[in-house]
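Novice:
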Amino acid sequence: MSKYEFYRQIAAAGFTIVQERIIRKAEIASSNTHIYRSIERQIKKLIEQFPDKNELFQNYLKEQQMENQRLENQIVCGVWLLQSIAS
């Protein structure tokens with residue numbers, strides 16, 4: 257979705273943006289790294305417990321890597337404080 261369309265939909269829903277915080281790519285990358293390492297540790301434990309599920313767990317890790325790439329390179333992440341226009 258384009259930036260224009262994003263803001264248009266907020267207005268069309270009857271809201272105005274009171275405050276906006278776009279999250280920097282470096283923050284997203286740092287958070288992703290921290291979370292991914294935690295997931296990776298858990299996956300290693302699960303593989304030890306369930307070696308027959310190794311491929312399933314490895315595929316999950318690959319999916320997480322791809323999701324991180326999308327979050328860091330293709331998606332704008334942010335937080336928006338909205339107020340109803342009717343208020």
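Position in the sequence shown (first residue = 1) + 256 = this note's numbering. The beta-carbon is built from N, C-alpha and C at its ideal position, and this holds for glycine as well.
(1) Along the chain, which unbroken stretches of the alpha helix (DSSP H) at least 4 residues long are found entirely within the region 271 to 334?
(2) For my contact list, E328 and N288 are in at a C-beta cut-off of 8 Å; report their separation, rounded to the angstrom.
(3) Starting from A267, trace the alpha helix (DSSP H) both ways and give me its first and last residue.
Specialist: This is what the structure gives:
(1) Counting only runs of 4 or more, we get 281 to 305 and 310 to 329.
(2) Taking the sequence shown and counting its residues from 1, one reaches residue 328 at position 72. Taking the sequence shown and counting its residues from 1, one reaches residue 288 at position 32. Between E328 and N288, the beta carbon gap of about 6 Å places them in contact (Cβ cut-off 8 Å).
(3) For this step, residue 267 is matched to residue 11 along the sequence shown. For A267, the enclosing alpha helix (DSSP H) has its first and last residue at K259 to A268.
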